[in-house]
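Structure first, commentary second.
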Amino acid sequence: MEGIPGQTARRPSALDRMRQDPGAILGFIIVAAAILTAFLAPWLPLNDPTDLNLDNRLLPPSAEFLLGTDHLGRDELSRIIFGARFTLLMAGSTVAIIMLIALVVGSLSGYYGGWIDISLMLVVDLLLAFPSLILGVAVAGILGPSLINVMIAVSIVWWASHARVIRGMVLAARQREYVEAARAIGASDRRIVVFHISRNILGPFVVLATLDMGWIILGIAGLSFLGLGAQPPTPEWGAMLNDSRSYMQTSPLLLLAPGSAIFLLVLGFNLLGDGIRDMLDTTTYR
Amino acid sequence: MRRLATLPLLMVGISIISFLLLNFAPGDAAEITLKRQNSGISPSKEAVAALRQELGLDASLPVRYGRWVSDAVRGDLGESYRTGSSISGELFRRMPATLLLATTALALAVAVGIPLGILAAVKRGTWLDTACRMLALVGAAIPSYVMAPALMLLFAVKLDWLPAIGYGSPEQLILPAVALSFGTMAQLMRLTRASVLEILGQDYMRTARAKGLTETVIVWRHGLKNALLPVVTVLGTSTGYLLGGAIIIETIFGWPGVGQFMITGITQRDYPVVQGFVVYIAVIFLLVNLIVDISYRWLDPRLHFDRQAT
Numbered sequence: 000m001e002g003i004p005g006q007t008a009r010r011p012s013a014l015d016r017m018r019q020d021p022g023a024i025l026g027f028i029i030v031a032a033a034i035l036t037a038f039l040a041p042w043l044p045l046n047d048p049t050d051l052n053l054d055n056r057l058l059p060p061s062a063e064f065l066l067g068t069d070h071l072g073r074d075e076l077s078r079i080i081f082g083a084r085f086t087l088l089m090a091g092s093t094v095a096i097i098m099l100i101a102l103v104v105g106s107l108s109g110y111y112g113g114w115i116d117i118s119l120m121l122v123v124d125l126l127l128a129f130p131s132l133i134l135g136v137a138v139a140g141i142l143g144p145s146l147i148n149v150m151i152a153v154s155i156v157w158w159a160s161h162a163r164v165i166r167g168m169v170l171a172a173r174q175r176e177y178v179e180a181a182r183a184i185g186a187s188d189r190r191i192v193v194f195h196i197s198r199n200i201l202g203p204f205v206v207l208a209t210l211d212m213g214w215i216i217l218g219i220a221g222l223s224f225l226g227l228g229a230q231p232p233t234p235e236w237g238a239m240l241n242d243s244r245s246y247m248q249t250s251p252l253l254l255l256a257p258g259s260a261i262f263l264l265v266l267g268f269n270l271l272g273d274g275i276r277d278m279l280d281t282t283t284y285r
Numbered sequence: 000m001r002r003l004a005t006l007p008l009l010m011v012g013i014s015i016i017s018f019l020l021l022n023f024a025p026g027d028a029a030e031i032t033l034k035r036q037n038s039g040i041s042p043s044k045e046a047v048a049a050l051r052q053e054l055g056l057d058a059s060l061p062v063r064y065g066r067w068v069s070d071a072v073r074g075d076l077g078e079s080y081r082t083g084s085s086i087s088g089e090l091f092r093r094m095p096a097t098l099l100l101a102t103t104a105l106a107l108a109v110a111v112g113i114p115l116g117i118l119a120a121v122k123r124g125t126w127l128d129t130a131c132r133m134l135a136l137v138g139a140a141i142p143s144y145v146m147a148p149a150l151m152l153l154f155a156v157k158l159d160w161l162p163a164i165g166y167g168s169p170e171q172l173i174l175p176a177v178a179l180s181f182g183t184m185a186q187l188m189r190l191t192r193a194s195v196l197e198i199l200g201q202d203y204m205r206t207a208r209a210k211g212l213t214e215t216v217i218v219w220r221h222g223l224k225n226a227l228l229p230v231v232t233v234l235g236t237s238t239g240y241l242l243g244g245a246i247i248i249e250t251i252f253g254w255p256g257v258g259q260f261m262i263t264g265i266t267q268r269d270y271p272v273v274q275g276f277v278v279y280i281a282v283i284f285l286l287v288n289l290i291v292d293i294s295y296r297w298l299d300p301r302l303h304f305d306r307q308a309t
C-alpha cells in the first residue's frame with residue numbers, strides 16, 4: 000500500500016495502530032490500573048495487610064473484608080493490593096537489572112567481536128545449558144530464602160538469552176551506514192554504542208522488557224510459592240497461594256484471589272508487550 | 000556441527016557451575032556429617048578437623064573439583080547430609096516417576112497443541128482461530144502453581160472425579176500431567192499457528208494451488224512438513240521447561256520424583272542433593288537438546304546443502 004503514487008491518505012501512525020488493537024488497550028488498562036492501585040495502596044482505606052487477628056480467621060467475604068480473611072485473620076483484599084506493590088517493585092527492578100546486564104554483555108560482544116565475543120557467549124551458552132527454573136531454584140535455595148536472593152537468582156539465570164538477542168541486534172546495527180558515518184567523523188567506540196546503536200535498538204529492547212515482566216512475575220511468584228522468596232508476614236502472591244493450599248476446601252477464595260491477580264497482571268504485560276511489538280514492527284502493518 | 004563441538008566444553012562448564020554451587024552453600028560438610036552421626040550433638044573441633052582431612056575437604060579448590068568430577072563421571076554424586084545415602088541412587092530410584100510425568104505432559108502438549116495450531120491457521124479469522132488465540136494468551140499467563148491447585152479444587156475437591164494427590168494409578172497421573180502441560184501446550188499451539196500461516200503464504204503453496212490440488216492435500220502434503228520444522232526446535236526448550244515445572248507440580252501433588260527430592264533437599268539444607276539434582280538434570284537437558292538438534296538437521300535437507308556449500 001505504501002509508496003503508491005498519488006496516494007495522499009495519511010499512513011496511520013504507530014499510536015493509531017495501537018488504538019485499533021483491543022488486546023493492547025486491555026493490556027494497557029490492566030497494567031495501568033495495577034500500577035496505580037499499587038502506588039496508592041498506603042492511602043487507600045484498607046486494613047493493615049500484616050495485622051493478625053485469630054478471632055477473624057478464614058472469614059467469608061463481608062462489608063469489612065471484601066475478599067474475606069486468611070488463615071491468620073488478615074484482610075485478603077489488602078494483602079492482594081499490597082502484594083501488587085511487592086510484585087511490581089520486585090519484577091520491575093529485576094527486569095531492570097536483567098536488561099542492564101544483557102545490554103552491557105550483548106553490546107560488548109556484538110560490537111567488539113573476537114575473543115571478548117567468544118568468551119562472553121560461552122558464559123551465555125553455559126547458563127542456557129541449564130533449564131532456567133531449575134538453576135533458579137537451586138541458586139535461590141543455596142543463597143537462602145529471601146526476596147533479595149530470589150531477585151538475584153532470577154537475574155542470574157535470565158539475562159543470558161537477552162544478551163544473545165542484543166548481541167545480534169548490535170551486530171546488525173554495527174554494519175549500518177549511520178555507524179559508518181559516525182566513525183568517519185571520529186566518534187569514539189563508547190559514543191557510537193551509547194548514542195547511535197543503543198538508540199536504534201531501543202524499540203525491540205522495550206518490547207523485550209515488557210514481555211519479560213510477565214515471565215519475571217511468574218518466576219518470582221513461583222520461587223515464593225516454593226517457600227524460597229517472600230517470608231511471612233510479607234503479602235506476596237506466590238507465598239499467599241502456597242499458604243492457601245491447606246484451606247482450599249473451605250476457603251477457595253484464598254486460592255482464587257492471588258491466582259487471578261497473578262494471571263491478570265501477567266496477561267496485562269503480555270498483551271501490552273505484544274501490542275507494542277506490533278506497533279513498532281512496521282512489517283506486520285498492512 | 001557446532002553443537003557437538005561445544006558439547007565437551009559445556010559439560011565441563013556445567014560441572015564447574017554445579018561444583019561451585021555446593022562450594023558457596025553455607026555449612027561445612029564434615030561438621031554436618033558428624034552432627035548427623037552423633038544424633039544432633041555438635042562435634043568437637045578436633046573430630047571435625049580429622050574428618051575434614053579424611054574427606055579431603057582441606058585440599059585446594061581445583062583438587063577438590065578434580066576429585067568431585069572423577070567421582071561424578073563414575074556415577075557417584077556424593078551422599079546426602081541428612082540420610083547419608085547415595086544421592087545418585089536416590090535420583091535413579093525417583094527418575095521414572097519424573098520421566099512419566101514429564102513425558103506424559105509433553106505428549107499431551109504435542110497431541111493437543113500442534114493440531115489446534117494447524118486448525119487455527121487453516122481456519123484463520125473464524126471463531127475457532129479466535130478461541131485458540133485466547134487459549135494461547137491464557138496459557139501463557141496461568142502458571143502451573145496456579146493451574147494445579149485450581150484443577151485440584153475443581154476435579155478433586157468439588158466434583159470428586161479424580162484423586163487429588165498420590166502416585167501409582169493412571170487416574171493419579173491425569174491432574175499433574177494436565178497442570179504441567181498447559182503452558183507448553185499453549186506455547187506449541189501459538190508457534191504452530193504462526194508457522195503454518197507463514198508457510199501457507201509461500202510461493203510453492205501457490206504453485207500447488209495453481210496445479211489444482213485441494214486445500215486439504217496442499218496443507219497435509221506440502222505445508223505441514225515445512226511448518227513443523229520450527230516447532231521441532233522448541234521441543235528441547237519445552238523439555239527443560241517441563242522438567243523445571245515438574246519441581247513445582249511434584250511438590251503440589253506429592254509425586255515422588257526427583258523434583259520433590261530436590262525441594263526437600265532445599266528445605267532441609269541438604270545441599271549435595273541440590274547439586275546432584277542440578278548436574279543430573281543439566282546432563283539430561285543437554286542430551287535432549289542434542290537429539291533435537293540432530294533430528295532437525297535430519298528433517299531439513301536444506302541444512303545438508305548449506306554444509307556442502309560452505
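So the protein sequences, as listed, match chains A and B.
Per numbering that gives the first Met the number 0, residue 0 is the first one in the first sequence, and the count goes up by one each step.
Per numbering that gives the first Met the number 0, residue 0 is the first one in the second sequence, and the count goes up by one each step.
We put the beta carbon where it would ideally sit given N, CA and C, even for glycine.
From a predicted model like this one, the values you see are computed outputs, not experimental measurements.
- Between Gly228 of chain A and Ile215 of chain A the beta-carbon gap is near 12 Å, outside 8 Å, which marks them as no contact.
- The stretch 159-172 of chain A makes contact with the stretch 91-106 of chain A; the number of CB pairs closer than 8 Å reaches 3 or more.
- Cβ neighbours of Gly116 of chain B within its own chain (closer than 6 Å, five residues either side excluded): Met188, Thr191 and Arg192.
- Rounded to whole angstroms, the separation of the alpha carbons of Leu76 of chain B and Gln52 of chain B is 20 Å.
- Across the stretch 215-229 of chain A, CB contacts with chain B closer than 8 Å involve Leu217, Ala220, Gly221, Phe224, Leu225, Gly226 and Leu227, in sequence order along the chain.
- A straight line joining the alpha-carbon of Ala106 of chain B with that of Leu9 of chain B spans about 28 Å.
- Chain B places no beta carbon closer than 7 Å to that of Asn148 of chain A, leaving this residue out of the contacts.
- Contact between the stretch 13-27 of chain B and the stretch 122-137 of chain A is present: three or more C-beta pairs spanning the two stretches fall below 8 Å.
- Secondary structure at Asp15 of chain A: helix, using DSSP grouped into helix, strand and coil.
- A distance below 6 Å between beta-carbons, with the five flanking residues on each side excluded, links Met146 of chain B to the following residues of its chain, in chain order: Ala178 and Phe181.
- In the displayed model, Thr68 of chain A falls within a strand according to three-state DSSP.
- Collapsing the DSSP output to three states places Ser259 of chain A in a helix.
- Residues of the stretch 133-161 of chain B with a C-beta atom less than 9 Å from some C-beta of chain A are Leu136, Val137, Ala139, Ala140, Ile141, Pro142, Ser143, Tyr144, Val145, Met146, Pro148, Ala149, Met151, Leu152, Val156 and Lys157, listed in chain order.
- Sequence-distant partners of Ala119 of chain B (beyond 5 residues in either direction) whose C-beta falls short of 6 Å from its own C-beta, in its chain, are Asp128, Cys131 and Arg192.
- When the Cα atoms are used, Ala209 of chain B and Leu266 of chain A turn out to be separated by approximately 42 Å.
- Just measuring C-alpha positions, the residue of A:Pro21, A:Ile141, A:Gln19 and A:Ser197 sitting nearest Gln267 of chain B is A:Ile141.
- With respect to the 7 Å criterion, Tyr110 of chain A and Val169 of chain A are classified as neighbours on the basis of their beta carbons.
- Straight-line measurement puts the Cα of Arg84 of chain A at about 14 Å from the Cα of Met239 of chain A.
- Sixteen is the threshold: when 16 or more other Cβ atoms of the shown chains lie within 10 Å of the Cβ of Ile246 of chain B, as they do, the residue is buried.
- Listed along chain B, the residues sitting closer than 9 Å to Phe262 of chain A by beta-carbon distance are Val137, Ala140, Ile141, Pro142 and Val145.
- Per DSSP, Leu132 of chain A is one residue of the alpha helix (DSSP H) stretching across Ser131 to Leu142.
- Any Cβ of chain B closer than 7 Å to the Cβ of Leu87 of chain A would place that residue at the interface, and such an atom is absent.
- Gln19 of chain A has a beta carbon lying at 7 Å or more from every beta carbon in chain B.
- Only residues of its own chain outside the window of five on either side were considered, and among them none has a CB closer than 6 Å to the CB of Arg35 of chain B.
- Contact check for Leu66 of chain A against Ala256 of chain A passes: the beta carbons are separated by less than 7 Å.
- Rounded to the nearest whole angstrom, the CA to CA distance from Ile200 of chain A to Tyr64 of chain B is 42 Å.
- Ranking B:Ile31, B:Val156 and B:Ile113 by CA distance to the CA of Pro251 of chain A puts B:Val156 first.
- For Leu9 of chain B, the neighbours in chain A by C-beta distance under 7 Å run, in chain order, Asp124, Leu125 and Ala128.
- Annotation: Ala28 of chain B to Asp292 of chain B spans about 40 Å, alpha carbon to alpha carbon.
- Taking 7 Å as the CB threshold, Leu132 of chain A lines the interface with chain B.
- Trp158 of chain A sits buried, since 16 or more C-beta atoms from the chains shown fall within 10 Å of its C-beta.
- For the stretch 71-89 of chain B, the set of positions with a beta-carbon nearer than 8 Å to some beta-carbon of chain A is empty.
- Partner residues in a beta bridge of Ser223 of chain A, as assigned by DSSP, do not exist.
- Gly274 of chain A is not a Cβ neighbour of Gly91 of chain A, given a cutoff of 7 Å.
- Neighbours of Leu20 of chain B across chain A, judged by C-beta separation under 7 Å: Ala137 and Ile141.
- Asp292 of chain B sits in a helix when the DSSP states are folded into three classes.
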